[in-house]
Amino acid sequence: MQFKEFQEWLETNSTSKEVFLSKWSESQAEKNKKRQPKKRWDEKKVLRSGTEEWKRAVTGAYEKIKAQKGVPKFNGYQIWTDFIDEIGFVEMFDDSINELEFE
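Here the numbering used here = 1-based position in the sequence shown + 43.
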């Protein structure tokens with residue numbers, strides 16, 4: 044499975060992205076209170092930076108699975124989804140996102 048396929052699959056089969064971005068927005072709202080008025084982030088910047096951080100989280104998960112399964116030329120998508128189901132990846136990933144706290 045290629046990274047883009049994995050990201051799309053994860054975003055379709057998990058609610059983690061919404062939870063992650065919500066927590067990110069709340070964290071940045073708190074940080075904005077401490078920033079100087081001219082240095083406060085607007086909604087677009089908060090969303091853009093949250094999306095970048097989300098992509099880093101997905102990349103980390105992708106690399107861990109890739110280390111286990113590689114990127115097979117044939118049936119790669121099926122091999123990955125079978126492995127993801129076998130190890131209960133979505134549940135583990137969702138739990139880790141739900142427990143995530145930004146500083």
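By construction, the Cβ of each residue, glycine as well, lies at the ideal position given by its N, Cα and C atoms. Since we're looking at a predicted model, the values are computed, not measured.
Under the Cβ criterion (8 Å, minimum of three pairs), the stretch 46-61 counts as touching the stretch 96-114. Counting along the chain, Arg91 sits inside the alpha helix (DSSP H) bounded by residues 86-112. In summary, Gly93 is buried, with 16 or more beta-carbon neighbours lying within 10 Å of its beta-carbon over all protein chains present. The stretch 45-54 makes no contact with the stretch 63-72: fewer than 3 CB pairs, one atom from each, lie closer than 8 Å. Excluding residues up to 5 positions away in sequence, Phe46, Phe49 lie with their Cβ nearer than 7 Å to the Cβ of Tyr105 in the same chain.
A distance below 7 Å separates the beta carbons of Ile122 and Pro115.
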